[in-house]
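Quick note: the sequence shown uses the working numbering, first residue 28, plus one each step.
Note that CB positions come from ideal geometry on N, CA and C, so glycine has one too.
The next block holds one structure in the form of structure tokens; read it before the comments.
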Amino acid sequence: MMQRTIGVAAPTQNIAKPGADRAADRTVWSKVSSRVYLPAVLVPALGLLLVGAGWANRWGGVDFAGSLTSLRLVTIGPLAAALIGLFLVLERVRPAQVRPLVARGHRHDVLFVAINAVVVLPLVTALTLSLADVVRRVAPWVILPRFGVIPRWVAIIVILVAMDACNWMVHLANHRVRMLWRFHELHHSQEDMNVLTVFRTHPLIHVSYVLAVVPALVLLANGELPALLLVIYGGAVAFAHSNTNLAFGPLGRVFVSPNYHRIHHRVDGPQDVNLGFVLSIWDQISHRAVFPTPETIRADTGLPQRPLRVEQQGSRAQHLTVLAAQLLGPFRPLKDPAALVSVREPAGSLPDNSPAEPC
Ligand SMILES: [Zn+2]
Ligand SMILES: [Zn+2]
Numbered sequence: 028m029m030q031r032t033i034g035v036a037a038p039t040q041n042i043a044k045p046g047a048d049r050a051a052d053r054t055v056w057s058k059v060s061s062r063v064y065l066p067a068v069l070v071p072a073l074g075l076l077l078v079g080a081g082w083a084n085r086w087g088g089v090d091f092a093g094s095l096t097s098l099r100l101v102t103i104g105p106l107a108a109a110l111i112g113l114f115l116v117l118e119r120v121r122p123a124q125v126r127p128l129v130a131r132g133h134r135h136d137v138l139f140v141a142i143n144a145v146v147v148l149p150l151v152t153a154l155t156l157s158l159a160d161v162v163r164r165v166a167p168w169v170i171l172p173r174f175g176v177i178p179r180w181v182a183i184i185v186i187l188v189a190m191d192a193c194n195w196m197v198h199l200a201n202h203r204v205r206m207l208w209r210f211h212e213l214h215h216s217q218e219d220m221n222v223l224t225v226f227r228t229h230p231l232i233h234v235s236y237v238l239a240v241v242p243a244l245v246l247l248a249n250g251e252l253p254a255l256l257l258v259i260y261g262g263a264v265a266f267a268h269s270n271t272n273l274a275f276g277p278l279g280r281v282f283v284s285p286n287y288h289r290i291h292h293r294v295d296g297p298q299d300v301n302l303g304f305v306l307s308i309w310d311q312i313s314h315r316a317v318f319p320t321p322e323t324i325r326a327d328t329g330l331p332q333r334p335l336r337v338e339q340q341g342s343r344a345q346h347l348t349v350l351a352a353q354l355l356g357p358f359r360p361l362k363d364p365a366a367l368v369s370v371r372e373p374a375g376s377l378p379d380n381s382p383a384e385p386c
């Protein structure tokens with residue numbers, strides 16, 4: 028009898044315990060997710076995994092310091108700096124929006140230039156070398172053999188165009204996948220668009236953009252992008268962010284102009300349009316191209332209702348506090364889980380979004 032009682036009681040306990048565990052798990056999960064947006068943790072985790080694999084294999088024998096120096100030269104070297112200087116002058120000569128020389132947004136973007144030099148460039152070097160090493164080891168067939176009939180300059184043009192297409196696709200994903208949007212919204216938070224806004228990115232967004240390296244890997248045996256072309260490509264992307272009233276005329280149907288990219292950053296319009304980096308053809312093919320009009324040239328930029336802290340808030344700019352909030356921003360808990368990933372519908376009038384006086 029005793030044995031029978033125990034025999035009946037034991038399974039009941041076994042059934043009850045997992046249920047209680049599940050309830051406890053749910054409580055722990057809801058407690059954690061009320062403090063942290065957990066899916067965002069996947070992005071650094073993926074980056075860490077990739078860089079860990081590259082580091083463990085000594086970057087596939089490639090010189091890390093040499094690669095970093097090359098990337099530094101391309102991104103912030105003398106030629107890149109001269110181009111940025113030229114664009115800064117153009118912004119003053121032909122501004123889309125008239126504003127003080129050193130507006131709050133300009134000062135804040137200088138901080139992002141420093142973050143790029145110190146954090147982003149080593150991170151991008153590590154991600155790029157790691158991805159190349161992993162592809163070589165896991166899927167070497169991705170790297171095509173040398174095609175003798177194809178001239179190197181043709182291969183280089185194909186790599187550039189394909190790289191731009193990859194950047195477009197990753198950019199679209201950054202707008203459509205909430206986990207990625209959390210890292211991309213910082214770029215869209217700028218209300219004083221200027222040439223340095225190109226550097227205003229969350230360092231971890233580069234975990235997604237590393238995919239743009241794939242075309243260069245595929246055609247590695249057929250041609251390598253010269254540093255000069257990379258500087259020009261980067262310069263073109265930077266210029267698209269400048270506060271310059273320029274649309275490129277008929278060439279604007281092929282290349283991304285400042286007036287065209289500004290529409291992508293508009294506060295009161297859909298922001299998953301005009302996603303192109305240098306070529307606007309990808310937007311046209313996907314029916315996401317919106318061409319500039321006199322109304323869009325001076326459009327205000329930023330995010331409706333400022334979901335992320337920005338330097339224009341408050342009577343005094345608090346650059347370091349704002350920067351810390353922006354870098355931690357992707358991990359803040361969701362306020363409205365049903366909210367759209369990106370801004371697709373016009374936000375209407377947003378009186379609390381008008382930029383404060385610069386100080
Ligand atoms: Zn975007
Ligand atoms: Zn942009």
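Check: Within 8 Å, strictly: CB atoms of Thr323 and Pro122; Outcome: no
Check: Cβ neighbours of Arg179 in the same chain (closer than 8 Å, five flanking residues each side left out); Outcome: Asn249 and Gly250
Check: Any non-hydrogen atom of ligand 2 within 7 Å of His229 CB; Outcome: no
Check: Closest residue to Pro321 among Ile290, Gln311, Gly262 and His346 (Cα-Cα distance); Outcome: Ile290
Check: Counted within 10 angstroms of its Cβ, other Cβ atoms place Arg62 as buried (16 or more) or exposed; Outcome: exposed
Check: Own chain, CB closer than 6 Å to Pro242, minus 5 neighbours either side, in chain order; Outcome: Ile186, Ala189 and Met190
Check: Beta carbon of His346 nearer than 8 Å to that of Arg134; Outcome: yes
Check: CB contact flag (Ser157, Gly81, <8 Å); Outcome: yes
Check: Which listed residue (Phe304, Leu330, Arg49 and Leu246) has its alpha carbon closest to that of Val181; Outcome: Leu246
Check: For Phe210, the three-state DSSP class (helix, strand or coil); Outcome: helix
Check: Within 8 Å, strictly: CB atoms of Gln339 and Glu212; Outcome: no
Check: Residue from Gly79, Gln332, Leu255 and Leu76 with nearest C-alpha to Lys362; Outcome: Gln332
Check: Three-state secondary structure (DSSP) of Pro242; Outcome: helix
Check: Where Asp52 falls, given that 16 or more other Cβ within 10 Å makes a residue buried; Outcome: exposed
Check: His346 beta carbon near ligand 2 (any heavy atom closer than 7 Å); Outcome: no
Check: C-beta atoms of Phe266 and Phe114 nearer than 8 Å; Outcome: yes
Check: Any 3 or more C-beta pairs closer than 8 Å across the stretch 218–237 and the stretch 140–156; Outcome: yes
Check: Meets three-Cβ-pair contact criterion under 8 Å: the stretch 157–168 and the stretch 65–84; Outcome: yes
Check: beta-carbon Gln353 near ligand 1 non-hydrogen atom, thresh 7 Å; Outcome: no
Check: Environment of Trp86 [buried if 16+ CB atoms lie within 10 Å]; Outcome: buried
Check: Beta-carbon proximity list for Leu199, same chain, < 6 Å, skipping 5 on both sides; Outcome: Leu302
Check: Secondary structure, alpha helix (DSSP H): runs of 4+ residues fully inside the stretch 219–270; Outcome: 233–236, 241–245 and 254–267
Check: Arg163 - DSSP class collapsed to helix/strand/coil; Outcome: helix
Check: At least three beta-carbon pairs within less than 8 Å, the stretch 302–317 to the stretch 280–288; Outcome: yes
Check: Which listed residue (Arg99, Asn84 and Ile183) has its alpha carbon closest to that of Val165; Outcome: Asn84
Check: Proximity test, His135 beta-carbon vs ligand 2 heavy atom, cut-off 7 Å; Outcome: no
Check: Same chain, Cβ closer than 7 Å to Val151, neighbours up to 5 away in sequence not counted; Outcome: Leu98 and His233
Check: Residues of its chain near Gly46, where Cβ-Cβ distance is below 7 Å and the 5 sequence neighbours each way are ignored; Outcome: none
Check: Buried versus exposed, by CB contacts within 10 Å (16 or more), Gly93; Outcome: exposed
Check: Residues near Leu350 in its chain [Cβ-Cβ closer than 7 Å; skip 5 each side]; Outcome: Leu138
Check: Contact under 8 Å by Cβ, Val294 with Leu335; Outcome: no
Check: Cβ neighbour criterion (16 or more within 10 Å) applied to Asp310; Outcome: buried
Check: Straight-line Cα distance separating Thr54 from Asp48; Outcome: 10 Å
Check: Burial state of Gly132 (16 or more Cβ within 10 Å); Outcome: buried
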